[in-house]
Each structure stands twice: as C-alpha cells, then as structure tokens.
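Protein sequences, first through last, are from chains A and B.
For the record, in the first sequence the residue sitting at position 230 is 230 according to our numbering, with numbers rising by one throughout.
In our numbering, each residue carries its 1-based index in the second sequence increased by 1000.
In what follows, a single structure is set out as structure tokens and then discussed.
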Amino acid sequence: MTATRDLALGVLSALIVVILMYMLIGSHVVAIPPTQGQRWLSWKFLTSTYNWQDKALWAGSPEVVTSVLWDYRGIDTVYETSVFFLAIIGGLMLVRDYKPWGKPIGKGMSLISRTVVKIVLVAVPVVAASIALHGHLTPGGGFQGGSVFAVSSLLAIIGLGTGFLLGRGWSKSKLLGFRTLGLIIISSIALAIPFLGLLEGLHAYIIQNQWKPWAPVGFGYLASIPGLGTILYSGTLVFLNIAEFLAVSAGLSLAFIIMSLSREEIKRSGGVEK
Amino acid sequence: MSDAISMMIWSYIFTLTIAIIVVAVYGMATRPNLVKKLILLSIMSDTASLLAVLIGMRKGMVKPPVFPGVTYTEHAPVTQKALEAFALSAVDPIPQVLVVTAIVIGLAVLVFLGYVVLLLYQKYGTLDARLLEKKLRGEI
Chain A
1 MTATRDLALG VLSALIVVIL MYMLIGSHVV AIPPTQGQRW LSWKFLTSTY NWQDKALWAG
61 SPEVVTSVLW DYRGIDTVYE TSVFFLAIIG GLMLVRDYKP WGKPIGKGMS LISRTVVKIV
121 LVAVPVVAAS IALHGHLTPG GGFQGGSVFA VSSLLAIIGL GTGFLLGRGW SKSKLLGFRT
181 LGLIIISSIA LAIPFLGLLE GLHAYIIQNQ WKPWAPVGFG YLASIPGLGT ILYSGTLVFL
241 NIAEFLAVSA GLSLAFIIMS LSREEIKRSG GVEK
Chain B
1001 MSDAISMMIW SYIFTLTIAI IVVAVYGMAT RPNLVKKLIL LSIMSDTASL LAVLIGMRKG
1061 MVKPPVFPGV TYTEHAPVTQ KALEAFALSA VDPIPQVLVV TAIVIGLAVL VFLGYVVLLL
1121 YQKYGTLDAR LLEKKLRGEI
C-alpha cells in the first residue's frame, strides 16, 4: 500500500518536472539560453544607484543590492527583520521555562579540535564585522555579516561546549537586549526622516535615505572625519547594516545556544512536561 | 560557443534545479522522519533561491552588481559613460535582492520549526510522523 502510494507520488513528481520545464522553455519570461541586455527595471537600478550626475533617484552607494534592499525597498526589509525577530521570539516562547543559564554544559571536542576552533574563533567575527561594515561598498551587508558571526558562536558551542559562551557572560536577556536594540535602531532610523520633515514642514518618506528634489530631507553621504579625510557612508545604509548585524548575530546566537542545551538540562528545568 | 550547446547546457541546469525542488517535495511527502523533512525543506528553499539567481544571469554579463573601485576614502564622482559600461557588464541585481529576503524568511521558518521538532521529540520521544500521530491520538 505504502509502496504503491510512493510510486504514484514519484510518477506525479516526474510529470510535474516535465510540465514545469515545458512551460519554462515555452514561455518568454525566462529565455534559455539567457539573452543579452539588461531588463528595464534592472537597468534603472544599475544606472541610478550611484549616479553622481543625476542625484534625483540615487542612493549614494555603489552596491546595488544593498541600495535596493535598504533604500528603494526599505520598508519590505524592515518587515522582513520583524518576521525574523518574531520567529525567534516564538521559538523562545516554546522553551521559556528553561533556566540553564550560568551552568557549564558539555565539554566540547578533543584537544586538536579545541585548538583549531580557538584559532578560527578570532578570525570569523573579524570577517563578519568587515562584511557588515562594508555592506554599502562591497557585496554583503548586515544580514550576511550577522550570519557569519552566528557561525562563530555555533563553532564555539560545538567545539568548546556551551559553557564557554555562558561562562563569558552571554545570557538570554543580554542577547535578547542586543536583538531588540538592533530593531529599535532600525525603526528609529526609518522614522527619523519623516519626523525631521514634519518639524520643518517638508515632504519626506518613511526610511528615506537621500535628498530628493520633491522631498528635500536626507541623511547625506559624505562625512569629514579628522585624520581620515572624507569618507563615503551612503546615508542610512551603513547604520542600518550595523543595526541589522547586531540584531541577526545576537538572535541567531541565542537560537543556537538554546537548541544546543542537553535533554536532561531541559527536563530538570521543567519546561517540557507541562 | 554555439547556440545549440549553450541551449543544451542551460536546459540541463534548469531541469536539474526544478528536479531537485520536486524531489525535495516528494521526500517531504514520503519520509516519516521530521528532521529529514526539515532538511528537505531547506534543500527545497535553497534550490528555489538558486533558480531565481540563475534567472538573473544575462548573456556575457558576469560581474557582481557593485560599482568597482569604491572604498570608504576613494569615492571620486562617476561619469555617465562609466556607469553605463558598468550596467552593461553586471548581473541582474533584482533576483539577488529577492533571494536575500527569501533566505532570511527561510532561516526564520527553519529556526522556528527546529524548536517545534525539538520539543516534539522531548515530549513524545519520537521523530516518526506515523508514531507521533498515534501518540497524539492517544492510541499508544
């Protein structure tokens, strides 16, 4: 019975592949092989993001993906960050009665692995911070940097045991605090420009980045710092990237730490049997 | 490279990606283990992202959608000509933007489902969907 059902499902799946492929080749939405020339909207984004001649629609950043993500389509990304936040809050709510903080759990792996992990553990957060801080100049950004940082806490959890992180003062409330701080920075940047516009009686958009002819409020893009010269910070992009880095790295580290706790520890704290 | 070979390679890649997605759906339907279902879900969402990025490929345009040579301190104004030359050599940025969003949402779903699977195992002591169903009904 089960074998027949599986066989039927398999035949159906193969049929779906054939139909989808036929439709993909037959439609002119996706050209196979790819044709030459940019699509209209992509051309618009690529030529207006870093256009010094016509600053009406620019974002002040050479990185088109980050500009679209945090400037042209900023509200979508703010909601996306909220969804991520709610998912982690929902997960924590399921395990809210655990009280294992402050106790060392697990001894980690062998001496060789521990040594390698300790060496790598210095390098990974540096790379993560670099990815996040250069998010408006090179490929990458706050989310990518935060994910790389979470890899380092995962390494520490597996290689050195959860006690390594818990013994260094990482606690649930601290990590949740950083997570919330990141979200608060993002939302206050999103609302700062409309608030300024309201004070001065000018048009302004939520999560607006640069000065526009019809909405003349903006974050600017160049700053003079003594000793460094003028630096390009691309308005809100660098601040939003840092806030997102903070939020994602703290949230993912917290999720990994709680997932790694042992079954006995969870039972002892009485979170499951209710 | 001739058009026929190019067509063949691209059709092969697209068929392979769609086949991976369908096989992952098939696996989610037939495998009873919840962790295997979770792994297949992540394979499916990552392959869908790969498909979106592949659609962003244009002929002869392989550079990342980042204007080259700009750093914190080096940021000379760019001429219109250089900008258009850059736009003609970069890949389509829009699928990449959509994929970043999709990856974040996929990760959020994965973390949440991971917690749910963990708790189900803690409470019922099994990851088998068939056994779990019986236990939830109170038959075992």
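By construction, the Cβ of each residue, glycine as well, lies at the ideal position given by its N, Cα and C atoms.
Since the model is a prediction, treat every value here as computed from it, not as a measurement.
For residue 1011 of chain B, DSSP assigns no beta-bridge partner whatsoever.
Between the region 242-254 of chain A and the region 166-184 of chain A, the count of Cβ pairs shorter than 8 Å is three or higher; the stretches touch. At a cut-off of 8 Å between beta carbons, residue 1140 of chain B makes no contact with chain A. In the three-state reduction of the DSSP assignment, residue 212 of chain A falls in the strand class, which pools E and B. At least 8 Å separates the CB of residue 1046 of chain B from every CB of chain A. Looking from the CA of residue 1110 of chain B, the closest CA among B:1079, B:1009, B:1022, B:1034 belongs to B:1034. Remark: C-beta atoms of residue 68 of chain A and residue 45 of chain A approach each other more closely than 8 Å.
In the DSSP assignment, residue 1066 of chain B is bridged to A:63. Taking C-beta separations shorter than 7 Å and ignoring five residues to either side along the sequence, the partners of residue 121 of chain A in its chain run 152, 155, 156, following chain order.
Inter-residue distance for residue 59 of chain A and residue 51 of chain A is about 8 Å (C-alpha atoms, whole angstroms). Proximity of residue 1053 of chain B to chain A, defined by a Cβ-Cβ separation below 8 Å, is not satisfied.
Rounded to the nearest whole angstrom, the C-alpha separation of residue 1126 of chain B and residue 184 of chain A is 40 Å.
The CB of residue 33 of chain A comes closer than 8 Å to the CB of 1003, 1006, 1007, 1009, 1010, 1059 in chain B, given here in chain order.
Put simply, the CB of residue 1090 of chain B is near chain A, with a gap under 8 Å to one of its CB atoms. For residue 209 of chain A, the nearest beta carbon of chain B is not closer than 8 Å to its own beta carbon. Runs of the beta strand (DSSP E) spanning 3 or more residues and lying entirely within the region 188-257 of chain A occur at 222-225, 229-232, in chain order.
Between residue 9 of chain A and residue 218 of chain A, the alpha-carbon positions lie close to 56 Å from each other. Following the DSSP letters along the chain, one finds residue 1140 of chain B in no alpha helix (DSSP H), marked with neither H nor E. Here the region 1076-1092 of chain B makes contact with the region 1058-1068 of chain B; the two share three or more CB pairs at distances below 8 Å. Within chain B, the residues placing a beta-carbon under 7 Å from that of residue 62 of chain A are 1066, 1067, 1070, ordered along the chain.
Residues of the same chain with a CB within less than 7 Å of the CB of residue 214 of chain A, apart from the 5 flanking positions on each side, are 203 in chain order. The C-alpha of residue 61 of chain A is placed about 20 Å away from the C-alpha of residue 1062 of chain B. The three-state reading of DSSP puts residue 114 of chain A in helix, counting H, G and I together.
Against chain B, the beta carbon of residue 20 of chain A has neighbours under 7 Å at 1018, listed in chain order. Per DSSP, reduced to three states, the secondary structure at residue 31 of chain A is coil, with no helix or strand assignment.
Neighbourhood of residue 1114 of chain B in chain A, by CB distance below 7 Å: 259, in chain order. Taking 8 Å as the upper bound for CB-CB distance, residue 1024 of chain B and residue 1044 of chain B are in contact here, some 4 Å apart.
Against chain B, the CB of residue 139 of chain A has a partner CB under 8 Å away; the residue lies at that interface. A direct Cα-to-Cα measurement between residue 1118 of chain B and residue 260 of chain A gives close to 10 Å.
Spatial neighbours of residue 165 of chain A in its own chain (CB-CB distance under 7 Å, excluding positions within 5 residues in sequence) are listed in chain order as 153, 156, 157, 257.
Against chain A, the CB of residue 1133 of chain B has no partner CB under 8 Å away; the residue lies outside that interface.
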